[in-house]
Each structure stands twice: as structure tokens, then as C-alpha cells.
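The sequence shown maps to residues 0 to 480 in numbering that gives the first Met the number 0. All C-beta atoms, glycine included, are put in the ideal place defined by N, C-alpha and C. A short worksheet on the structure shown next.
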Amino acid sequence: MYDKENKLIDSFTAGKMSRRSLFRGLGALGLSTSAAAILVNASATRALAQNGFDWKKHEGTTVRLLLNQHPYTDAMIANLENFKELTGMNVEYDVFPEDVYFDKVTAALSSGSSEYDAFMTGAYMTWTYGPAGWVEDLNEWIMDDTKTNPDYMWEDVLEGVRKSCAWSGVPGAPIGSDDAKQWCIPLAYEQNNLTYNKRIFDANNLSVPTNIDELLDTASAAKSVMEGGYGIGVRGSRSWATIHPGFLSGYTNFDQVDLTVGDDGMLSAAMNTDVSKEYHSKWVKMIQDSGAPDWSTHTWYQVGTDVGAGKSAMMFDADILGYFMNGGENAEAGNLAFSGFAANPDAAAPTPNIWIWSMAMSRASQNKDATWYFLQWVTGPEHDLFGAREMDLVNPARSSVWADEMFRDKLSSKYSGYVEMHDASAPGASIKFTPQPLFFDLTTEWAETLQKMVANEVPVDEGLDMLAESVNTQLGEAGLH
Numbered sequence: 000m001y002d003k004e005n006k007l008i009d010s011f012t013a014g015k016m017s018r019r020s021l022f023r024g025l026g027a028l029g030l031s032t033s034a035a036a037i038l039v040n041a042s043a044t045r046a047l048a049q050n051g052f053d054w055k056k057h058e059g060t061t062v063r064l065l066l067n068q069h070p071y072t073d074a075m076i077a078n079l080e081n082f083k084e085l086t087g088m089n090v091e092y093d094v095f096p097e098d099v100y101f102d103k104v105t106a107a108l109s110s111g112s113s114e115y116d117a118f119m120t121g122a123y124m125t126w127t128y129g130p131a132g133w134v135e136d137l138n139e140w141i142m143d144d145t146k147t148n149p150d151y152m153w154e155d156v157l158e159g160v161r162k163s164c165a166w167s168g169v170p171g172a173p174i175g176s177d178d179a180k181q182w183c184i185p186l187a188y189e190q191n192n193l194t195y196n197k198r199i200f201d202a203n204n205l206s207v208p209t210n211i212d213e214l215l216d217t218a219s220a221a222k223s224v225m226e227g228g229y230g231i232g233v234r235g236s237r238s239w240a241t242i243h244p245g246f247l248s249g250y251t252n253f254d255q256v257d258l259t260v261g262d263d264g265m266l267s268a269a270m271n272t273d274v275s276k277e278y279h280s281k282w283v284k285m286i287q288d289s290g291a292p293d294w295s296t297h298t299w300y301q302v303g304t305d306v307g308a309g310k311s312a313m314m315f316d317a318d319i320l321g322y323f324m325n326g327g328e329n330a331e332a333g334n335l336a337f338s339g340f341a342a343n344p345d346a347a348a349p350t351p352n353i354w355i356w357s358m359a360m361s362r363a364s365q366n367k368d369a370t371w372y373f374l375q376w377v378t379g380p381e382h383d384l385f386g387a388r389e390m391d392l393v394n395p396a397r398s399s400v401w402a403d404e405m406f407r408d409k410l411s412s413k414y415s416g417y418v419e420m421h422d423a424s425a426p427g428a429s430i431k432f433t434p435q436p437l438f439f440d441l442t443t444e445w446a447e448t449l450q451k452m453v454a455n456e457v458p459v460d461e462g463l464d465m466l467a468e469s470v471n472t473q474l475g476e477a478g479l480h
């Protein structure tokens, strides 16, 4: 079965046939697009098995995974049979919703349990896991030709994303330095840009804002026509997660940083500069005038569901959040569009802070080499391409996948401006925070200060001076200031 189809697909995989010719030929054979996708992925697996690497070295071994409930996980699970066929290995996994997931990870790692060999993580979390000795530095495997297949193409991973998953462990040292340890490997990531409701914008002759001042004006104009809705969604809960998406992406576009690092390696708060105070003032005014009435409770979930329901006209948050809200049963599915956003009118391009869902290896694993076989497969170009084309693995971490015509066509057909937004923002996309062990505590206090400013409990200038003083005190107590 499928002999003729497989010959066509193998020709395509080998680069001897264009995508258009492939699907024309498969259509003539009566094959649906979904069935064709499965066969294309199987062909990629066959090609991978023939690259000279001993994929069967750990045949019969079982790898155990701890996974977050997410579309990226769905793509992984959907493709597992190809991994099992390629390697002869077995994969077992537990999946937990995000509200309990990170507690599960911390409990497993801190106890030294060998129950799980690998797990999903955000790069920020490895700033704790790595120095604590809970995860492996994956450079040992990546750089070893006897353990990594020749088609892995490590440099194909987008540079800003790749380096954002690497840190030396020295507080204040930059991510991605030459001596950095690769604590995790990117699966896919989130840029923070604008998602806006094209239906509302078109009906009211609103222009897509291109800087912070225009953002305030457009949000205000949008609110005036929303009939009970509001102009712009941004996160506001008392959490580090309020600082890292849109807020920090705009902040760093003005060349502002959270902390400075002195010649002696000591850290100092930097959020009370004059430029920072001006930016904070505009951000606070935007929320007061045009944000959600219950902004201080808003997390990723509320920001996304409101724009998907047409309750807000736009959001400055993760692009993949807009991607998901533009589909399914959301009221505004098909009406959302996307735009790269540079808050600073003098900036050449957006510089979004990013979140990265990645894979890491537990130091307590008893099957480390076998686990690396799984990690290089699930973060490799073949699986990334499958997830991007056939599932909702967006944004893929690899430049070769972003160059794929089929994937770009998929996005462009349903997600207006998404490809252009990504391409404009990707060169400047990276983690913008300074790595240090108090990251979660300090950013949560920053969010709390924002709440006080928006509630008019403290003036912006005074609030930032107080925040900087508190941050320096905490850094000092930790021996970092």
C-alpha cells in the first residue's frame, strides 16, 4: 500500500520534487492532504534512519517524560510512533496542566528522583535548576559526534532562542556566552507583539499603532467604540509573568534593562532611570484609560480570552496566544491580525522578550544517552517541521522551518500579518532579563509596584525609586549588590 505515494514523497524529501508537484501527484492518486502529511513525515523518518547514525543503539530502552499540557505536547505525542520506529525505544509520559505542572517538576528534581528522564521547562526556570545541580549541561551531548546525528543542525536553531536557553550560572553573566551551559533545548517559543481585531479596526477606521504613543491613542479610540469592552489587554496579576511579555518587550525597546552589572560583577537595580520612569508613566496611563477594569487580576488566560471574545480590541502579549484565539470556537476566530511592535519610535525594529518551551534532562536520569536520543529527535528539524505543518507547534525554534513554504502558506492563509510580524521581530527576539537567582521574587515585586501605580497608591517616580531601593537591598542580602 502507498508504494506509488511513497516514491513521490521520497523524491520530495530528497529535494527532487517541488511541494506543488508533490501534492498534484498525490491528489491524482486520491490521497487527502492529512494522509499525505502523515506519509511525508514517515518519509522524513526513513531518511533520518539512513544518515549513518546508529539510531538503534538504545533499542528496547524506555525513556520517561514529564510534560506540560500544551499544543506542543500534543504535537510530540502525535509523532511518537515515528520516534519508536526510528529507534526501537519506548516512551512513557505524564502530562499535567500548567497550574500544577511546575510544582511537579520542582518536586521531582529537588528530591533527586530518577522517575523522569526529561521534562518540559521554560528557560527562566533553569536559572534555578541549573545552578542547583538538577539538570544536565547538554553541550556534552550536542558537541559529541558519536552521540548526535549529523542532521541535527544545532546552528539552525534561531540564535536568540538558542542562546536564551544557555547561561554560565554566574549571576549577572549574559545568556549565551562562550562559557554558558546549555541547560535546555528549545522546542518552540513566543514573541510578544500586537494582536488586534481587524473587524473592529476596519469598522472604526483605526490604524495599527507603531510606537508607544500611538498605542495609547489607538487603545483609547478603540475603547470609545467598544460598548462595554476595552481598548487593550495586558497582564496585571501580582506575578513575574506580568513583567515578561508586552511590558518588558516595550521597556527594552528603549534600551532599558532590569539590572546593571558592575565591573566587580555586582548587580544594581536599573528600573528607576528617567527613561524608565517616562515609559512606566505611559504604560500606567494606558491601563488606567483603556485597559481592563479588573486588570490587576489578568493573566495569560484572561488577556487571551478577552481578545478572542471581542471584549478587547487588541492585546500586547504572546503572538501564539493570538494564534490560538484566532481559531477554535472563539467569537472572533478569523478576525484577528498580527503586527510587530517597536514601542520606541526611534528603534529600527521590535525587540520582543520571549518565553521558550524547552526540553531538559534530569541529572538523576539513569538513561542519559538514551534520553539524548529522544531530545535530539524531538528538538530536531524533522519533528519541528511536522509540528509546524500539521499541528500547532508555533513558533518553531528552527530557521529552516520558518523558511518552509508549506508552513508559511498555512500561517498566511489564516493569520493575517503573522509571518511578517515574526520575520521582523525574530532578529531582535531573546530573553531580556538579567539571569540571577532572585529573578522570580524581584519581578513579582515589580508587578506589585505596577499595580500600586495603576491604583494611584503611589506616584510612578516615587514607586520606581522605592522598588529600586528594595531590589538593591535584596540583592545585597544575597551577596549580589
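(request) Could you name the residues of the same chain whose beta carbon sits closer than 7 Å to that of residue 184, not counting the 5 residues immediately before and after it, in chain order? (result) 137, 164, 357, 358, 374 and 378
(request) Could you tell me the distance, in whole angstroms, from the CA atom of residue 79 to the CA atom of residue 122? (result) 24 Å
(message) Taking the alpha carbon of residue 329 as the reference point, which residue from 304, 284 and 73 has its own alpha carbon closest?
(response) 304
(message) Considering Cα atoms alone, identify which of 371, 129 and 199 is closest to residue 307.
(response) 199
(message) Applying the 10 Å Cβ sphere with the 16-neighbour rule, what's the burial state of residue 162?
(response) buried
(message) When you compare the CB positions of residue 146 and residue 215, do they come within less than 8 Å of one another, or not?
(response) no
(request) Taking 8 Å as the threshold, find out whether the stretch 464-471 comes into contact with the stretch 189-205 through three or more Cβ pairs. (result) no
(request) For residue 491, count neighbouring Cβ atoms within 10 angstroms of its own Cβ and tell me buried if that reaches 16, exposed if not. (result) The structure shown does not extend to residue 491, since the chain spans only 0 to 480, so no value can be given for it.
(message) Measuring straight from C-alpha to C-alpha, what distance separates residue 174 and residue 2?
(response) 49 Å
(message) If I measure Cβ to Cβ from residue 89 and keep anything under 7 Å in the same chain, skipping five residues before and after, which residues do I get?
(response) 61 and 83
(request) Let me know the alpha helix (DSSP H) ranges lying completely inside the stretch 270-307, each 4 residues or longer, listed in chain order. (result) 273-289
(message) Tell me the DSSP secondary structure of residue 267 in three-state form.
(response) strand
(message) Which residue wins for smallest C-alpha separation from residue 476, given the options 260, 265, 197 and 51?
(response) 265
(request) May I ask which residues mark the beginning and end of the beta strand (DSSP E) holding residue 338? (result) 335-338
(request) From the DSSP output, in three-state form, read off residue 96 for me. (result) coil
(request) Look at the Cβ atom of residue 166, then the Cβ atom of residue 132, and state whether they are nearer than 8 Å. (result) no
(message) Going by DSSP in three states, residue 153 sits in which element: helix, strand or coil?
(response) helix
(message) For residue 159 and residue 332, I'd like the C-alpha separation in whole angstroms.
(response) 31 Å
(message) On the criterion of 16 or more Cβ atoms from any shown chain inside 10 Å, does residue 446 qualify as buried, or is it exposed?
(response) buried
(request) From the DSSP output, in three-state form, read off residue 428 for me. (result) coil
(message) Considering only their Cβ atoms, is the gap separating residue 232 from residue 311 smaller than 8 Å?
(response) yes
(message) Using a Cβ-Cβ cutoff of less than 6 Å, which residues in the same chain neighbour residue 0 once the five nearest sequence positions on both sides are dropped?
(response) Summary for residue 0: the model assigns pLDDT 47, below 50, so the residue's position carries little reliability, and this model does not support an answer.
(request) Inspect the CB distances between the stretch 346-353 and the stretch 420-433 and report whether three or more fall short of 8 Å. (result) yes
(request) Below 6 Å CB to CB, which residues in the same chain sit around residue 248 once its five sequence neighbours on both sides are set aside? (result) 191, 351 and 352
(request) State the start and end residues of the unbroken beta strand (DSSP E) segment that holds residue 189. (result) 184-196
(request) Grab the span of the alpha helix (DSSP H) containing residue 252 for me, first residue to last. (result) 245-252
(request) Decide if residue 75 is buried, meaning its Cβ has at least 16 other Cβ atoms within 10 Å, or exposed. (result) buried
(message) Please state whether the Cβ-Cβ distance between residue 196 and residue 319 is less than 8 Å.
(response) no
(request) Rounded to whole angstroms, what's the CA-CA distance from residue 480 to residue 177? Just pull it up for me. (result) 25 Å
(message) Quick check on DSSP: helix, strand or coil for residue 355?
(response) strand
(request) Under 8 Å by Cβ, that's how I've got residue 116 and residue 360 pegged, so tell me the actual separation to the nearest angstrom. (result) 7 Å
(request) Kindly list the residues whose CB is nearer than 8 Å to the CB of residue 324, restricted to its own chain and excluding five residues on each side of it in sequence; keep chain order. (result) 194, 303, 304, 306, 307, 331, 332 and 335
(message) Relative to the C-alpha of residue 151, which candidate in 246, 368, 50 and 70 has its C-alpha closest?
(response) 50
(message) Looking at the secondary structure, which residues open and close the alpha helix (DSSP H) in which residue 61 lies?
(response) Premise fails: residue 61 lies in the beta strand (DSSP E), 61-67, not in any alpha helix (DSSP H).
(message) Between which two residues does the alpha helix (DSSP H) holding residue 257 run?
(response) Note, residue 257: premise wrong, no alpha helix (DSSP H); not H, not E.
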